[in-house]
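Engineer: First the structure, which I've put down as structure tokens, then a few questions once you've had a look.
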Amino acid sequence: MIFEMDGRVQVVVLQTPSVEVNKLKALINEKMHHSYIEQYVQTPHLNEDKLYMLALILNNTGLPEYKKNQYIVTAMLVQMALDTHDLVSNTDRDVLTDNDEKSKQLAVLAGDYYSGLYYFLLSEIEEVKMIQVLATAITDINEYKMQLYYKDIHSLETFFHVFKKIETLLITRIAAFAGETDISEVAAEWLLAKRLLNTKNISGYSRLDRSLGHWSEQIPVSCREEALHAIDKFIHEETSLVEKGLAHFPAYLSSIKTCMLDTLRASASNKSSMAEEG
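According to the working numbering, the sequence shown holds residues 79 to 356 in order.
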């Protein structure tokens, strides 16, 4: 759907079909496939929520289809490169087996391999500005990661703030680059709420690990019990921010608003149902 609003043409896509997301997943998996790397390195998880959000953001622009696909594929390769580097073990070299050491070295190289792929793909369409956006986002994300690695965090509130930046900065920067500021303002909250809701009914420290991934190791043992309770509070805060932000969405984004609310509520509903069945 295309119409004019405030002197500019708006392109509205009423939905993001699952077949389109599946096509993008296939493109990403095809680009990142490397049999030798896969033999030794744990393949990074493809975050479908981030893929879904990127599709929503870029489908709402007037970009040609090939550019939308190129942006999405390259952005997800960046995300997977960042995630692959995070898989590098911190285990002391003296206790590593030869295979462990090889896997550790290849994890670093695999991250570099995925990084090189996105630069190559972008260079094919000469997208210098997009490369700058991604490169700046990578630098900022790595700076936030260093804060957690070196435990330069003095409260759980700050920890969650930094964790949120690491998880969502890439997507919000792309949304801003695409001129979708309305979406970018709630994208971070939506992504984080979805991630935390997916572990809402898991109990004990396993829930903390599932919610925060390897970053949970950076939380002092003395604060882990407090962190478990903080997750529920954080879910509530992020969900409230999403609902508040979507309430002020312009009319031309009504279909995206519906998609975001429906998927968020479905996650909450599914987890509640699982808890009741358990």
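Built from N, CA and C at the ideal position, the CB exists for glycine as well.
#1: If we count Cβ pairs, one from each stretch, closer than 8 Å, do we get three or more for the segment 141 to 161 versus the segment 122 to 129?
#2: Applying the 10 Å Cβ sphere with the 16-neighbour rule, what's the burial state of residue 237?
#3: If I'm right that residue 263 touches residue 323 with Cβ under 8 Å, what's the distance once you round it to whole angstroms?
#4: Residue 204 lies in the alpha helix (DSSP H); which residues open and close that run?
#5: According to DSSP, simplified to helix, strand and coil, what is residue 143?
#6: Going by other Cβ atoms of all chains shown within 10 Å of its Cβ, with 16 needed for buried, is residue 210 buried or exposed?
#7: Comparing alpha-carbon positions, which option in 249, 199, 190 and 194 lies nearest residue 218?
#8: When DSSP labels each residue in this structure, what does residue 258 get in the three-state scheme?
#9: Between residue 276 and residue 318, is the Cβ-Cβ spacing less than 8 Å?
#10: Looking at the secondary structure, which residues open and close the alpha helix (DSSP H) in which residue 322 lies?
#11: With 16 as the cutoff for other CB atoms within 10 Å, does residue 338 come out buried or exposed?
#12: With distances taken from CA atoms, which of 290, 269 and 135 is nearest residue 223?
#13: Can you tell me where the alpha helix (DSSP H) with residue 127 in it begins and where it stops?
#14: Among the residues of its own chain, which have a CB less than 8 Å from the CB of residue 331, if the five just before and after it don't count?
#15: With a threshold of 16 other CB atoms inside 10 Å of the CB of residue 227, please say whether the residue is buried or exposed.
#16: Quick one: is residue 149 buried, meaning 16 or more other Cβ sit within 10 Å of its Cβ, or exposed?
#17: Thinking C-beta only, is residue 270 closer than 8 Å to residue 309?
Structural biologist: The answer reads as follows:
#1: yes
#2: buried
#3: 6 Å
#4: It is not in any alpha helix (DSSP H) - residue 204 carries neither H nor E in the DSSP assignment.
#5: helix
#6: exposed
#7: 249
#8: coil
#9: no
#10: 302 to 325
#11: buried
#12: 290
#13: 126 to 137
#14: 90, 138, 260 and 261
#15: exposed
#16: buried
#17: no
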